[in-house]
Amino acid sequence: MNNSDKNIKYGTKSEVGRRAEVFGIFKQNDAGVDANHDTAPVLSMSSLGKFGRFGNQLFQYAFLRICSEASDARVECPPWIGQSLFGHQDAPITQRLPPAIEIKPNQATLFDIVPELIPYLEHLADAPSIQVDATTMDTGIQNYDLYGFFQLHSRYFQPHQACFRRLFQPMEDLKAALEPGLERLRAQGKTIVGLHIRRGDYLIEPRAGFTLVVPTAWYCEWLESIWDELEDPVLFIASDDSENILADFEKFSPVTMKNLDVQLPDRLKDSDAEFYIDFFTLTQCDIVCTSNSIFSFIACMLNERAKKFSRPHWNFETKFIDFDPWNSEPLLWLGDTQPKFLKSFTDIASIVYTTQGLGAALKAIFIYKPKSQIKQLLTRLYLGYQAQKVAGLIKSLLYTLGWSRAWDK
């Protein structure tokens, strides 16, 4: 049975929380692994669907496919929501391959913050890992299992723009279901302005160096700065918190996906795929203003219609900045030239207070930050023990106490 024949349900857990799911990927038994697998070159990504949500998965799948084409390797991956949306029919995972770990020059990755993850994956695969980066899309790679987020500066994907966009076109029945809603939206005006407002997990993960929750008042100021210059504008809002923010945009008479009355194909009814209505609509807007989110950034990469793309950034004096989806960082990390994977106590207090107020800042400091730290520590201890038993536990504790070389090879 092809992966695409399975009933794939889209997960809606938090962006950061879902990362931990990958740690159990190889803990399953070997029922799905074929001991007599084909010896032809293979490139797999067994973590696809586990490292982050939809936008992250698109970057990961694009990296996988581009690398596989460069090396003439067969793609293998587990079932993921993109198969139902875009019709991909890649082979399922048939073998455990050595890990190929993403590295980023001058920027920490999850594998730096959780150093136990690499020895854990090497232990499970019973093979040493190698490192991969943006250049791997040109050089190719065979017979490895890719691990990472692959949220590369979009200039690295630009030479593959046609392939990238082709990978993420909705299946015919899905496109046919979406088009009437798009027509209803365009019938209301001539210039469709799309806003993506991310709340959800960004509110409860203040430590992450990319979580930026922008006040709705700032978005309204941005709209007011361009609204009168537009020809018959219509505001479309995509958000995971529509019920709580729509009233703030009342003067712009906002439209949401609920107003579009889109009926997804029956095969998607149990897949929690309604988010794709927002995503697809953002790819069709004339102007787009995003959150600091992969979801809306990649929608901009797929948007061939818009002439203006804007997003919030860490300079709270100017608040928003225009960007080129094909020549920008997908996420703006705090720290700019020296990106911070995790915010400091001071960062959290000042940023959340400025953007969300005193009450949210107190929650971030005394509830969300400690919970995140405890979860990270427990995850690291678990991985350390699984990788090297008691010795791994000791290394993890030493690393936590400040010995940064505890996990050096």
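If you read the sequence shown in this note's numbering, its first letter stands for residue 674, the second for the next number, and so on.
Here a beta-carbon is modelled for each residue, glycine too, at the ideal position from N, C-alpha and C.
Secondary structure at Leu868: strand, using DSSP grouped into helix, strand and coil.
When the alpha-carbon of Pro843 is set against those of Val1063, Gln756, Phe784, Val935, the nearest one is in Gln756. Around the beta-carbon of Leu1074, fewer than 16 other beta-carbon atoms lie within 10 Å, marking it exposed. Glu749 sits in a strand when the DSSP states are folded into three classes. Separation of Pro772 and Pro792 (C-alpha to C-alpha, rounded to the nearest whole angstrom) is 10 Å. The beta-carbon distance between Gln804 and Ile776, rounded to whole angstroms, is 5 Å. This is short enough to meet the 8 Å contact definition. Counting other Cβ atoms within 10 Å of its Cβ, Pro832 stays below 16 and is therefore classed as exposed.
The beta-carbon separation of Thr864 and Asp905, rounded to 6 Å, stays under the 8 Å limit for a contact. Within the model, the alpha-carbon separation for Trp987 versus Leu1015 is close to 15 Å. Comparing alpha-carbon positions, the option among Ser964, Glu923, Leu716, Gly862 lying closest to Ser983 turns out to be Ser964.
Ranking Pro853, Glu894, Leu840 by CA distance to the CA of Glu990 puts Glu894 first.
The Cβ neighbour count for Phe968, taken over all protein chains shown within 10 Å, is at least 16; the residue is labelled buried. Straight across, the Cα-Cα distance linking Glu902 with Ala860 is about 19 Å.
Here the C-alpha atom of Gln815 lies approximately 51 Å from the C-alpha atom of Ser898.
Between the alpha carbons of Leu731 and Gly821 lies a distance of about 12 Å. For Cys962, there is no enclosing alpha helix (DSSP H); the enclosing beta strand (DSSP E) covers residues 960 to 962. Three or more beta-carbon pairs drawn from the stretch 988 to 1008 and the stretch 879 to 886 are found closer than 8 Å, and the two stretches are therefore classed as touching. Its Cα nearest to that of Thr889, the residue Phe922 stands out among Ala798, Phe922, Leu933.
Relative to the Cα of Leu847, the nearest Cα in the group Pro778, Leu1066, Pro938, Asp811 belongs to Pro938.
Here Ser827 is near Trp999, since their CB atoms are less than 8 Å apart.
The Cβ atoms of Val935 and Val907 do not sit closer than 8 Å to each other. Between the C-alpha atoms of Ile960 and Glu977 there is a straight-line separation of about 11 Å.
Comparing alpha carbon positions, the residue from Pro752, Gly862, Tyr1072, Asp874 closest to Phe925 is Gly862. Our two residues, Trp1076 and Pro801, have alpha carbons roughly 23 Å apart in a direct line. In this structure, DSSP gives Phe909 an extended state, which the three-state scheme calls strand. Assigned with DSSP and collapsed to three states, Pro1043 falls in helix.
Pairing Leu790 with Leu858, the inter-Cα distance amounts to about 46 Å. In this model, Cys962 and Ile786 are separated by some 31 Å (Cα to Cα). The three-state secondary structure of Leu825, taken from DSSP, is coil.
DSSP places Gln804 inside the beta strand (DSSP E), whose first and last residues are 803 to 805.
Short of 7 Å from the beta carbon of Phe841, and not among the five residues preceding or following it, lie these beta carbons of its own chain, in chain order: Leu731, Phe759, Leu975. Straight through space, the alpha carbons of Thr956 and Gly813 are spaced by roughly 30 Å. Taking a contact as a CB-CB distance under 8 Å, the pair Ser944 and Ile754 counts as one, their CB atoms being some 7 Å apart. Shown here for Gly873: same chain residues with a beta carbon closer than 6 Å to its own, the five before and five after excluded, namely Asp913 in chain order.
The criterion of a C-beta distance shorter than 8 Å is not satisfied by Ser915 and Gly728. With a threshold of 16 other beta carbon atoms within 10 Å, Asp799 falls short and is exposed.
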